[in-house]
Structure formats: C-alpha cells, structure tokens
Amino acid sequence: MHLLIVGGSSRQRREAARDRLEADRTVVALDAPTLPFVRPSDLSLPESRPRTFLLDEIDRAFPDAQSPETRLVLTQSIYLLQTWIDAIDASDRIIATANRTSLERAAPEAFTGRGPWGTFEIQQLGNSPDDNDTNDPHGTVENTAEALLAAAYTSTDSEVRLRLCREAIALDPQSAVAWLSLASARREHGDGDGAMAALDRAAELAPDWAAVPFERGKLRLVFDDMTGARDSFARAGQMMPHFAAAFSNLGATLGELGDADGAAAAFEQALASDPRSFTLWNNVGIVRRELGQADESEAALRRAIELEPSFVFGYYNLGHTLFLSGRYQESLDAYEDGRRRDPHQNVRQGCRLALARFATGDADTAERDLWRLANSAPGDERADLLLEAYEVVHALITAHPALAVHRAILDRVGAEITKSE
Numbered sequence: 002m003h004l005l006i007v008g009g010s011s012r013q014r015r016e017a018a019r020d021r022l023e024a025d026r027t028v029v030a031l032d033a034p035t036l037p038f039v040r041p042s043d044l045s046l047p048e049s050r051p052r053t054f055l056l057d058e059i060d061r062a063f064p065d066a067q068s069p070e071t072r073l074v075l076t077q078s079i080y081l082l083q084t085w086i087d088a089i090d091a092s093d094r095i096i097a098t099a100n101r102t103s104l105e106r107a108a109p110e111a112f113t114g115r116g117p118w119g120t121f122e123i124q125q126l127g128n129s130p131d132d133n134d135t136n137d138p139h140g141t142v143e144n145t146a147e148a149l150l151a152a153a154y155t156s157t158d159s160e161v162r163l164r165l166c167r168e169a170i171a172l173d174p175q176s177a178v179a180w181l182s183l184a185s186a187r188r189e190h191g192d193g194d195g196a197m198a199a200l201d202r203a204a205e206l207a208p209d210w211a212a213v214p215f216e217r218g219k220l221r222l223v224f225d226d227m228t229g230a231r232d233s234f235a236r237a238g239q240m241m242p243h244f245a246a247a248f249s250n251l252g253a254t255l256g257e258l259g260d261a262d263g264a265a266a267a268f269e270q271a272l273a274s275d276p277r278s279f280t281l282w283n284n285v286g287i288v289r290r291e292l293g294q295a296d297e298s299e300a301a302l303r304r305a306i307e308l309e310p311s312f313v314f315g316y317y318n319l320g321h322t323l324f325l326s327g328r329y330q331e332s333l334d335a336y337e338d339g340r341r342r343d344p345h346q347n348v349r350q351g352c353r354l355a356l357a358r359f360a361t362g363d364a365d366t367a368e369r370d371l372w373r374l375a376n377s378a379p380g381d382e383r384a385d386l387l388l389e390a391y392e393v394v395h396a397l398i399t400a401h402p403a404l405a406v407h408r409a410i411l412d413r414v415g416a417e418i419t420k421s422e
C-alpha cells in the first residue's frame, strides 16, 4: 500500500517518511504545490524499478480557493491521485506527508478512504494535533508555467488567478495544463465562451487527456446543454476508467435526461472505484427506486447512512423508499431520524413525514403538521406541497379503506387547492 504520514511537526513527518524508504527502491521526489499542473507523461521519470514517489506536504497539492462548483479538477485529490496511480507501476509506492488539519480542509476524503485514498495506509505521529508550522503558499513565484499556475490556484483573488493563468500561457503557449487552468479561471468570471475556447485549445494540445472533457462537461452544465454534458462526461470516463467523478457526473446527467437505466449503470461504475462515497450510494438508492427496485434502493440507502450517519437526506430518501413499499411505520421511523438530524428542517420532507404519520393512522398529528409546514412555504411551493399531499392521501385511502374515516383531510386539502387556482 501507499503511505500517508500526518501529525507532529513537518520535520518529524519528513523524518518518518525517510525512515520508511527502502534501499532497493529508486526515490523520486515530487513537488506538491506544482503537482496538479504537471502531467505524469510530461515528466522524465527514472526507469529503474521499483520506485518510491516522495511527496512532502501533499495537502499543498489540493488548493481549494475556488468554490466547490467551479473548482478545477486538477486540484481535486481523487482526480490527481488517481492520475498518478494510473501512471505508475503496481510495484511503485507513494509516501506522502501532510498537515492533517490542512488536508482535512482541502481533501477530507483522504480520511474516509475514498477512491484512490483507499490504497493508502495512514500513519499518525503521536496523539497531539499537527503543529502550526505552515508553508507560505504565496512565496516567491518561479518563472515557470507550473509555478505560476500553482500561485494562481492558491490565490483567493480570482483576478490574480486569471492574470497568472494568462502569464503561464504566455510563457508556455503549448501547455494544455495552462489552457485548461485558464478555462476554469475564465468560468469563474462568467466568461463561458472564453472558457470553452480555452478548453478547445487544451483538447487540441492533449486530445487523450480526461481532464479536458470532464471540465467541458461541467461547463456544458452551466450552459444547460445536458446532451453535450453527457457526452463529455462519458468521454472522460472512457479515457480514465477509474475516475469516479466522471461516472458520478455522467449518472447525474443521465438522470436529468430521464435515462434511469443509464444513470444506474454509471453510478455503479463510479462505485467500483469509490465504494466509500455515501453520496454515490444515495444516488444509487434514488435511481434504483425510480426503476422500481425497492430492495436494491433500500440496501443502497442504508449503506449511505452507514458510511455517513449524519447524512440527513439518506434518512429522508430511505423513508421515501420504504413508504412506496408500503412499510409505513419503518418509513415514519426513517423520516423522524432524518428530521432529528436536519438543522434546516426541510419543509418538503417534513410534509412527507406528516403523510407517513397519516399512513400509520395518526391523522390528527399528520394534518396539524401538514398545514403548519405547507403554510410556511412560499405560494408556488405551498401549492405544490398541497397537491402532492392530496395525491398521496387519495392513493392511501384508495389502497387502504380503513383510512377512509380520515377522509376529511383530503376534502380540506382539495378545497384549498381549488380555492388557490
């Protein structure tokens, strides 16, 4: 396995890394800040095997100054590590050190074993937290495209990021990495056409690089070009079969396009490389429910909750699956579990909890909660909530005649819908 060393001081981590080096291996030191902006194929790596790739302060390889929606794929740990693991031999090894606090912020997936992080053993030095000795990410910028891009993506100023990306291209106009980085910086500034043009240039320079169609897929979503996004994410997955995010985005896009079977297949492909992602299991649970596969949906949603017990919508989605399966008391329990954990007290899910109460025979509490929550919503949302409630209560009374004694709630909701039309 690969190794991640955290805790202690940076000096102690470096010493611990050196202690784990083996004499029969060729050591290759990699620079963490510029790592996202150097493709493995562009480096002249030693041919002598086996090799140990040494990465000091790997947390600096994942700058997170951009918003999560915009964040350049090159700076995301699951992509970057998978790229390197795909590029090196099975006999090679990565030994990395990191400031734990910094890594938890920039790449929390490292400590849940997601994706390529599942191939890492974690060595914690001592019981105390990391020291406060941090490297200054805004130090002297070397006159290379890679260093300029590293400075660009550690900056919290999007104007600085855009300027440094342009300077990197001026320094190395044949760098696909620089053009891809410029595309992300342009997107931050709302320049969709400029971002697409930069992606086109990156594709010309690196036609087989998965990062380009992945970023293109993200941009096409901004343009609401769902078909184009689907094709881009599918292309990224073909180029990089172990890149889970390509398939998770493909699955979400296929779901929006109404292709539930395709979405399920894409999510399952993503899970093959990232089996500890609770959001992926949640997505599988939703799409399996849409396909009428209640048992598979329930199993996937329970796995999502197992991986992340605080995941509110895992409970809500489980409650919905159980409700549609006619297991009303279990559904109510799941909805209540979600409600207890929900800091935002989601109105729609609260109304669905009320409907689960109605299904179990607690009509008085159900009606009280339904009106309280629906009346707290804006007009259009209120109307939608009441319409859903009417349809569900009508279906329940039709399927379970014993509930007909509570038909008054159906009549009141129906009258309110009619009055609002």
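Sequential numbering from 2 applies to the sequence shown in the working numbering. Ideal Cβ positions, reconstructed from N, Cα and C, are used throughout, including at glycine.
Between residue 187 and the ligand GTP, is the CB less than 7 Å from at least one heavy atom? Inclusion of the ligand GTP in the displayed structure is not the case, the ligand content being empty and no account of it being possible.
Return the residue from the list 225, 285 and 220 that minimises the CA-CA distance to residue 248. Per the Cα distances, 285.
Inspect the beta-carbon positions of residue 27 and residue 61 and report whether they are closer than 8 Å. Cβ distance not < 8 Å, so residue 27 and residue 61 don't count as in contact.
Do you know whose CA, among 383, 381 and 394, lies nearest residue 364's CA? The shortest C-alpha separation from residue 364 is found at 394.
Does the beta-carbon of residue 127 have 16 or more other beta-carbons within 10 angstroms, so that it is buried, or is it exposed? With fewer than 16 other Cβ atoms within 10 Å, it is exposed.
May I have the straight-line CA-CA distance separating residue 406 from residue 251, to the nearest angstrom? So the two alpha carbons sit approximately 47 Å from each other.
Spatial neighbours of residue 371 in its chain, beta-carbon cut-off 7 Å, leaving aside the 5 residues before and after: If we look at residue 371 and ignore the five residues flanking it on each side, its Cβ neighbours are 352, 355 and 390.
Please name the residue in 196, 346 and 291 whose C-alpha comes closest to that of residue 187. Out of 196, 346 and 291, 196 has the C-alpha closest to the C-alpha of residue 187.
Please state if the CB of residue 179 and the CB of residue 150 are separated by a distance shorter than 8 Å. Cβ atoms of residue 150 and residue 179: closer than 8 Å.
Ignore the nearest five residues each way along the sequence and tell me which others in residue 228's own chain have a CB closer than 8 Å to its CB. Hits under 8 Å: 258.
Nearest-angstrom beta carbon gap, residue 181 and residue 203 [assumed within contact, 8 Å]: Contact holds; Cβ gap of about 4 Å.
DSSP puts residue 369 in a beta bridge; with which residues? Answer is none; residue 369 lacks a bridge partner.
Rounded Cβ spacing between residue 220 and residue 177 (contact assumed at less than 8 Å): The pair is not a contact, with the Cβ atoms about 16 Å apart (cut-off 8 Å).
Distance check for residue 29 and residue 315, CA to CA, integer angstroms please. For residue 315 and residue 29, the distance between alpha carbons rounds to 43 Å.
Residue from 287, 384 and 17 with nearest C-alpha to residue 123: Shortest Cα-Cα distance from residue 123 to any of 287, 384 and 17 involves 17.
Residue 147 versus 344, 35, 50 and 19, residue with shortest Cα-Cα distance: Checking every option, the nearest Cα to that of residue 147 belongs to 35.
What alpha helix (DSSP H) runs, 4 residues minimum, are completely inside the region 244 to 283? Counting only runs of 4 or more, we get 245 to 257 and 261 to 274.
Would you mind sorting residue 139 into buried or exposed? The rule is 16 or more other CB atoms within 10 Å of its CB. Summary for residue 139: the model assigns pLDDT 42, below 50, so the residue's position carries little reliability, and this model does not support an answer.
Contact between the region 269 to 289 and the region 107 to 126 (3+ Cβ pairs under 8 Å): With the cut-off at 8 Å, the region 269 to 289 and the region 107 to 126 touch.
Buried or exposed (CB count within 10 angstroms, at least 16 for buried), residue 190: By the neighbour-count criterion, in which 16 or more other beta carbons inside 10 Å mark a residue as buried, residue 190 falls on the exposed side.
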